[in-house]
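First the structure, in the form of structure tokens, and then the observations on it.
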Amino acid sequence: MDPISSILPFNLFPASPSRLGKGFAVRRGNSLNLRVANLPFRGAVLDLGSNTFKLLLAEQSGTTLHVHHEKAYPVRLGEGVALTRRIRPATCRRALRQITLLQRKIRAFHPDQVVAVGTGTLRRAANAKSFLLPASRILGKRISLLSGHEAPVSTSISGEEAWR
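Going by this note's numbering, 22 is the number at position 21 of the sequence shown; the sequence numbering is gapless.
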């Protein structure tokens, strides 16, 4: 079995098929949409962290999750935010350039669904919108902010532990 990413797939691939029987679930609001196991599903997860942006491109077909791309890109979005509570303009430009490059990878993969989430820096920075608005435009979708309780869980699952 392919190991699942160190990036928790944020309800895109939320459980192993063995937990659900056949298929996998995609959570939308309060509803749960169960997909048929034999239909391949391609998903992209982008985790915009304080130090790195992590991208996972994966496809689930039947009981197999195949990771096509998984990489952490150093961006240092949180640089100086603890002292100033602001994302520096140069840091914002650097991060938006990286988002543009990652969007190209995502688009080339042709995912069925894209999930983008932000963590601590984007919750704390007073000027987070100066990054979030252009980043959302580049990605073509809204970036969800994880709560302080969700963020540590999202990066703690790795290897086959997520399948157990």
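Ideal Cβ positions, reconstructed from N, Cα and C, are used throughout, including at glycine.
Taking L97 as the centre and dropping the five residues before and after it, the same chain places the C-beta of F132, P135, A136, I139 closer than 8 Å to its C-beta, in chain order. For K55, there is no enclosing alpha helix (DSSP H); the residue is part of the beta strand (DSSP E) that begins and ends at 53-62.
The Cβ-Cβ distance between H67 and L56 does not fall below 8 Å. Residue environment: G141 is assigned as exposed (fewer than 16 neighbouring CB atoms within 10 Å of its CB, all protein chains considered).
The beta carbon of I100 is closer than 7 Å to those of A136, I139, L140 in its chain, skipping five residues each way along the sequence. Looking at the backbone, the Cα of A45 and that of F110 are separated by about 8 Å. Rounded to the nearest angstrom, the Cβ distance from L103 to L47 is 6 Å, consistent with a contact under 8 Å.
Here R143 has S137 as same chain residues with Cβ atoms under 6 Å from its own Cβ, once five neighbours each way along the sequence are excluded. Setting aside the 5 residues that flank it on each side, L123 is surrounded in the same chain by L49, L78, A129, F132, L133, I144, L146, each with a C-beta closer than 8 Å to its C-beta; the list follows chain order. Per DSSP, V82 is not a residue of any beta strand (DSSP E); the alpha helix (DSSP H) it occupies stretches across 82-85. Annotation for R87: G81, A126, A127, N128 place their beta carbon closer than 8 Å to its own, counting only its chain and skipping 5 residues before and after.
Straight through space, the alpha carbons of Y74 and D113 are spaced by roughly 23 Å. Relative to the Cα of K72, the nearest Cα in the group T64, T65, A59, G63 belongs to A59.
Distance check between G121 and each of A83, T92, R105, V115 places A83 closest, using alpha-carbon atoms only.
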